[in-house]
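Following: one structure in structure tokens, then a few remarks.
In structure tokens:
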């Protein structure tokens, strides 16, 4: 079988991925199928033809639920790095995911992604520790997915006349290098069967919001709309340019809307009409977006991504898993109790503005499903963190902004925390005595500790720590006593040249799969 691969790397890894899913007892049966796909009389054929035969064998072996997920990758441009979470949300919106007991659809979809990676049908482009950040598809695999797609499964429009959408019943359409204005002008868009419309490589082309009117006039069954890099003209009056989502209100099956326009500042009340909406993402919002009270009527909403001005009504959003970000002006009238209705919230980003002297995390502490929390404070704040003791599933925490002092009982409040990112620009005391007792902490990022002279880890401190990152800190010494940080295997010092470290830590390498993290990057 290896000989038949002709030394072609893609053929070898795909075949290896297929064999790895089988017990050795099944290999003879698989070998028989292999001979039927890769015939001896084809040995003189072109390499690409030969590889395609092996890809066909691997594809045939896929379970039915994975075949659609794989073919879907043909929609993305060649060499495109696909955000893994974006792909998972798209798969969920397309109803490719079978509900598994005890798992969310997104958790099951992540398993599908990992299985396709294990089969070497998808490549990992970037991994953050345990979390796949971006992935891509080999050119030949992408070509195979497009070729193998059923007649109506997908269509690619790349700007050429011959690839323009035809009157046939395509269910999914991706436009590569074609702007919205030109695309909307096609008469062929009178297509009652189109469910998905994705735009790529539009090169920040400007478009009029009125050009979205074809959505509800011609594409009544649309489920997914992704307007990558399309910037809308907002020079008209407010009452006109809020129609960005008005154009979708008659799409009764609409589940996924993503736009990268950073100039949107208000969402119309018609958002409440989207009863099937699962994902609403404004990927490049610069300033807080005002949400109407009607947002609470979008009861199927699972992911709300952008930057949103608090307060807004959330009492019916019990399916919400991701809320990223909410911008809060803290004052005496500010009320966070409505957040407690978000019983399935897994990921929350909060920006706190104003005087935080009397502010507590009581409402956030009642989010029992919370796994990931980002807290930003623009004034000096000494967080108690005690309310988070009720968040038993909390694995990841970022404390950013002007954090003053940490409570010494952190280990009691956060017994399951695996990752902590701490911005220490306002700290004057060594945070290590509070942090080293965290029993399950695996990765620690310390930023901007300009006023602290020394980090000290005592014997037995940080029992599970594997990765330590120190960024832009003016500390003169990192002291780790004997028995401290026993499992440390990755140490990164960035713009922290003054730090003196123990001899035994000098041979520890910079971690490969974890570096200086962006705000939306997490290891788990």
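Residue numbers (mature numbering (1 follows the signal peptide of the UniProt record, and there is no 0)): -24 to -1, 1 to 500.
Note that the Cβ used here is the ideal one computed from N, Cα and C, for glycine as well.
Treat the numbers as computed from the prediction; the structure is a model and nothing was measured.
A distance below 8 Å separates the beta carbons of residue 44 and residue 72. Taking residue 400 as reference, the option from 413, 372 and 429 with the minimal CA-CA separation is 429.
At the C-beta level, residue 250 and residue 225 come within 8 Å of one another. Around the beta carbon of residue 408, 16 or more other beta carbons lie within 10 angstroms, which makes this residue buried. Restricted to the region 358 to 408, the alpha helix (DSSP H) segments that are unbroken, complete and at least 4 residues in length are 386 to 389, listed in chain order. Between residue 435 and residue 468, the C-beta gap is not smaller than 8 Å, which leaves the two residues out of contact. Here DSSP, grouped into helix, strand and coil, assigns residue 65 to helix. One thing to note: residue 442 has its Cβ within 8 Å of the Cβ of residue 464. Within the DSSP bridge table, the entry for residue 455 names 432 as partners. Between the alpha carbons of residue 182 and residue 96 lies a gap of roughly 38 Å. Excluding residues up to 5 positions away in sequence, 399, 400, 401, 447, 448 and 449 lie with their Cβ nearer than 8 Å to the Cβ of residue 424 in the same chain. If you draw a straight line from the Cα of residue 420 to the Cα of residue 438, it comes to about 10 Å. Counted as a single uninterrupted DSSP element, the alpha helix (DSSP H) harbouring residue 158 occupies residues 156 to 160. Within the same chain, 99, 100, 108 and 111 come within 8 Å of residue 93 by CB-CB distance, once the 5 residues on both sides are set aside. Residue 223 holds the alpha-carbon nearest to the alpha-carbon of residue 184 among 197, 223 and 31. If the five residues before and after residue 241 are omitted, its C-beta is found closer than 7 Å to the C-beta atoms of 263, 265 and 266, all from its own chain and listed in chain order. Per DSSP, reduced to three states, the secondary structure at residue 109 is strand.
The DSSP-derived three-state label of residue 274 is coil. For residue 232, no alpha helix (DSSP H) encloses it; the enclosing beta strand (DSSP E) starts and ends at 232 to 235.
For residue -2, no alpha helix (DSSP H) encloses it, and the DSSP letter there is neither H nor E. Remark: C-beta atoms of residue 364 and residue 396 do not approach each other more closely than 8 Å.
Using a 10 angstroms sphere on the CB of residue 128, the tally of other CB atoms stays under 16, which defines it as exposed.
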